[in-house]
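Residue numbers 1 to 344, in full-length UniProt numbering, belong to the letters of the sequence shown in order. Encoded as structure tokens, the structure appears first; notes follow it.
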Amino acid sequence: MLTIYSEDHRLQHGKVELTGGHFIPVVEKPERAETILARIQAIGLGEVRAPERFGTDPIARVHAPHFIRFLETAWDEWAAAHGEIDALPTNWAVRNMRQVIPSSIEGKLGYYASDCGTPITAGTWRAALSSVDVALTGAKRVAADGKPVFSLCRPPGHHASTDVYCGYCFFNNAAVAAQWFRDNGAARVAVLDIDYHHGNGTQEIFYGRDDVLFVSLHADPNVEYPYYLGYAEERGEGAGEGFNLNLPMPFGTIWDRYREALDAALARIRDYGADAVVLSFGADTFQEDPISQFKLNSDDFTRMGEILGRGLGAPTLTVMEGGYAVDALGVNVSNLLQALDGSA
Ligand code: OKP
Ligand code: ZN
């Protein structure tokens with residue numbers, strides 16, 4: 001399987017996030033992508049290629065222009081006020097306040113961010129742009145010959161919505177790619193999100209639409225991030241009603257339970273008749289993931305890949321999302337990709 005990878009991901013290297021009352025080293029770190037790449041090369045999964053540059057136009061198909069401009073200038077505005085230290089918000093535009101965009105960078109961060117764990121650094125803009133390029137280069141290849149492609153995106157994307165960044169995500173790589181498929185000949189696109197966390201950004205972007213189906217398997221948001229979206233009753237709205245499927249599962253979920261949800265997801269996607277599929281793949285469902293509570297093992301990722309390869313029924317772009325057990329990440333990711341490739 002072809003992999004698309006850019007070294008630019010290293011430009012996103014935040015120092016700390018606020019978790020459980022502590023500032024801890026950012027869990028979403030460069031070693032993640034590097035260990036996946038090393039494993040892909042070690043097993044000879046296939047060619048590794050650098051991305052083409054697409055610029056911001058395809059991003060503006062799913063993100064608000066003012067949000068894109070904010071991310072482009074946020075670091076300079078922050079550094080002018082605070083110097084060379086990661087930008088984190090400390091105030092938020094929550095209910096009972098007005099949704100205004102203040103001129104102060106402090107005010108802007110709280111308007112555009114929803115957590116205190118997604119630092120903007122000197123290299124964030126370029127890393128986030130490159131991550132989208134990695135996804136789009138993969139999408140273009142999938143559209144050209146129908147063969148599966150792996151876009152080794154970093155930073156991840158599925159928590160980023162139209163105009164909010166959070167959960168280590170800035171631009172929604174999977175959503176930009178799904179929209180690109182729509183704009184380049186696919187009438188119906190499905191996004192299947194198998195990251196441990198609900199893809200709230202992807203859901204929001206396509207919630208009112210029937211031309212992009214969103215299906216997500218994730219930990220119950222009652223007890224897990226992102227907490228405020230991802231419940232089973234969210235089924236889409238307007239034209240999009242019935243085109244959003246959330247399959248939340250409890251802490252401790254093991255393969256047998258996960259597999260049932262996967263079968264339901266694949267049945268919905270086949271019934272939909274997608275022309276292209278974007279697989280938002282997080283390996284944080286792994287039993288040893290440091291921030292997650294599912295109990296899948298490394299062999300389960302092989303099982304998952306086999307089922308996906310047989311069941312998706314349309315050309316598939318796999319986009320990397322989360323997965324934080326760095327020691328096992330390469331094996332878990334390559335297990336899924338090899339099986340996906342072998343049974344497609
Ligand atoms: C990203 B992905 C904030 C802690 C919040 C966010 C988890 C984001 C997971 N200090 N944790 O879906 O793997
Ligand atoms: Zn995740």
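Where a beta carbon is used, it is the ideal one built from N, C-alpha and C, also for glycine. In this text, all values refer to a predicted model and were calculated from it rather than measured experimentally.
Could you give the distance in angstroms between the alpha-carbon of residue i and the alpha-carbon of residue j?
i: residue 5; j: residue 153; result: 7 Å
i: residue 195; j: residue 11; result: 23 Å
i: residue 186; j: residue 275; result: 6 Å
i: residue 321; j: residue 117; result: 16 Å
i: residue 307; j: residue 343; result: 8 Å
i: residue 249; j: residue 217; result: 7 Å
i: residue 166; j: residue 109; result: 11 Å
i: residue 238; j: residue 319; result: 28 Å
i: residue 124; j: residue 294; result: 30 Å
i: residue 259; j: residue 317; result: 21 Å
i: residue 228; j: residue 222; result: 8 Å
i: residue 45; j: residue 33; result: 15 Å
i: residue 271; j: residue 8; result: 38 Å
i: residue 207; j: residue 96; result: 25 Å
i: residue 340; j: residue 48; result: 17 Å
i: residue 1; j: residue 324; result: 23 Å
i: residue 90; j: residue 100; result: 16 Å
i: residue 67; j: residue 161; result: 10 Å
i: residue 303; j: residue 278; result: 19 Å
i: residue 70; j: residue 115; result: 17 Å
i: residue 180; j: residue 57; result: 10 Å
i: residue 263; j: residue 84; result: 48 Å
i: residue 148; j: residue 41; result: 17 Å
i: residue 225; j: residue 21; result: 16 Å
i: residue 253; j: residue 287; result: 9 Å
i: residue 82; j: residue 141; result: 42 Å
i: residue 312; j: residue 273; result: 10 Å
i: residue 290; j: residue 328; result: 12 Å
i: residue 233; j: residue 209; result: 17 Å
i: residue 309; j: residue 332; result: 16 Å
i: residue 98; j: residue 282; result: 35 Å
i: residue 92; j: residue 80; result: 21 Å
i: residue 139; j: residue 75; result: 29 Å
Which whole-angstrom value is the C-beta distance of residue i and residue j, which I expect to be below 8 Å?
i: residue 94; j: residue 172; result: No, residue 94 and residue 172 are not in contact; Cβ-Cβ is about 22 Å, not under 8 Å.
i: residue 43; j: residue 334; result: 6 Å
i: residue 230; j: residue 244; result: The Cβ separation is near 10 Å, so there is no contact.
i: residue 177; j: residue 215; result: Not really, about 16 Å apart at Cβ, beyond 8 Å.
i: residue 337; j: residue 150; result: 6 Å
i: residue 77; j: residue 59; result: Actually they do not touch by this definition, with Cβ atoms about 20 Å apart.
i: residue 163; j: residue 64; result: 4 Å
i: residue 155; j: residue 128; result: 6 Å
i: residue 385; j: residue 146; result: Nothing about residue 385 can be reported from this structure: the residues present for the chain run from 1 to 344 only.
Might you give, ordered along the chain, the residues of its own chain that have their beta carbon closer than 7 Å to the beta carbon of residue i, omitting 5 neighbours on each side?
i: residue 241; result: 235
i: residue 158; result: 169, 172, 174, 193, 195, 199, 201, 202, 280, 321
i: residue 51; result: 4, 6, 130, 133, 134, 137
i: residue 330; result: 35, 36, 38, 39
i: residue 19; result: 117
i: residue 126; result: 8, 11
i: residue 220; result: 248, 249, 250
i: residue 257; result: 249
i: residue 326; result: 31, 32, 35
i: residue 205; result: 62, 161, 162, 172, 175
Under 6 Å Cβ to Cβ from residue i, same chain only, skipping five residues before and after it: list those, please.
i: residue 23; result: 16
i: residue 143; result: 184
i: residue 292; result: 196, 284
i: residue 121; result: 14, 86
i: residue 300; result: 255
i: residue 305; result: 336, 339, 340
i: residue 28; result: 168
i: residue 54; result: 133, 136
Once the 5 residues before and after residue i are set aside, which same chain residues still bring their CB inside 8 Å of it?
i: residue 182; result: 189, 211, 212
i: residue 73; result: none
i: residue 119; result: 14, 15, 16, 17, 26, 86, 87, 88
i: residue 268; result: 213, 215, 245
i: residue 102; result: 108, 111
Does the beta-carbon of residue i, which I'm using as the reference point, lie nearer than 7 Å to any heavy atom of ligand 4?
i: residue 279; result: With respect to ligand 4, the structure offers nothing, as its ligand set consists of ligand 1 and ligand 2.
Problem set entry | 3-residue-minimum beta strand (DSSP E) runs that sit fully inside the stretch 120 to 152, ordered along the chain | 149 to 151
Problem set entry | Closer than 5 Å to ligand 2: residues, by C-beta to nearest heavy atom, in chain order | 195, 196, 197, 282, 284, 322
Problem set entry | Runs of beta strand (DSSP E) lying entirely within the stretch 8 to 37, each at least 3 residues, in chain order | 16 to 19, 22 to 25
Problem set entry | Those runs of the alpha helix (DSSP H) which lie wholly inside the stretch 185 to 248 and span at least 4 residues | If we require 4 residues or more, the alpha helix (DSSP H) runs fully inside the stretch 185 to 248 come out as 200 to 206.
Exercise. Mind pulling the alpha helix (DSSP H) runs of 4 or more residues that sit fully within the stretch 242 to 312?
Worked result: Runs found: 255 to 272, 298 to 311.
Exercise. What are the uninterrupted segments assigned as alpha helix (DSSP H) that are 4 or more residues long and contained completely in the stretch 64 to 104, given in chain order?
Worked result: 65 to 82
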